[in-house]
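Single-structure report; data block below.
In our numbering, the protein residues as written are -15 to 140.
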């Protein structure tokens, strides 16, 4: 499975580097896999918990139909600005919405927008179990939930 990066994806990486963000984004192969999952389940509504610079969000948003929606949650307002810029440069800003705040504070506000067809969890690790609980509440049977870095350096 090849996953070539285009100008939009490279711009997200450049934005991240210029903003001094850590280089911890998913790989192109992982991004392509997320895009494939979203396409296979005919996702129309995707929730991303943790955005960093928007790299994974670009892959996900590109799988959406024209009227689809990606809602991405980002705790850091400065990172959220980078994300919005990345989405704009990648041409997916019309299908994306960045919400700023602690994910555990924002998740309850999404109940009226559920169900989501796919949830991607890639945020701070200690509350992963709580994020999973919310993902289960905000999805339906047949939805896909993906959690990145469940075990890192041998630690859950």
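Just so it is clear, CB atoms sit at the ideal spot from N, CA and C, and this is done for glycine as well. Since we're looking at a predicted model, the values are computed, not measured.
Residue i versus residue j: straight-line alpha-carbon distance, rounded
{"i": "residue 100", "j": "residue 27", "result": "8 Å"}
{"i": "residue 60", "j": "residue 85", "result": "7 Å"}
{"i": "residue 25", "j": "residue 124", "result": "12 Å"}
{"i": "residue 57", "j": "residue 118", "result": "13 Å"}
{"i": "residue 23", "j": "residue 108", "result": "26 Å"}
{"i": "residue 127", "j": "residue 39", "result": "22 Å"}
{"i": "residue -13", "j": "residue 13", "result": "5 Å"}
{"i": "residue 42", "j": "residue 34", "result": "13 Å"}
{"i": "residue 91", "j": "residue 122", "result": "9 Å"}
{"i": "residue 7", "j": "residue 36", "result": "10 Å"}
{"i": "residue 73", "j": "residue -3", "result": "11 Å"}
{"i": "residue 142", "j": "residue 4", "result": "Nothing can be reported for residue 142, as the shown portion of the chain is limited to -15 through 140."}
Reduced DSSP secondary structure (H/G/I, E/B, other) of residue i
{"i": "residue 111", "result": "coil"}
{"i": "residue -11", "result": "coil"}
{"i": "residue 13", "result": "helix"}
{"i": "residue 51", "result": "coil"}
{"i": "residue 76", "result": "coil"}
{"i": "residue 32", "result": "strand"}
Anticipated Cβ contact below 8 Å, residue i with residue j, distance rounded
{"i": "residue -5", "j": "residue 70", "result": "6 Å"}
Residue(s) in a DSSP beta bridge with residue i
{"i": "residue 102", "result": "30, 128"}
{"i": "residue 83", "result": "57"}
{"i": "residue 23", "result": "Residue 23 is not bridged to any residue."}
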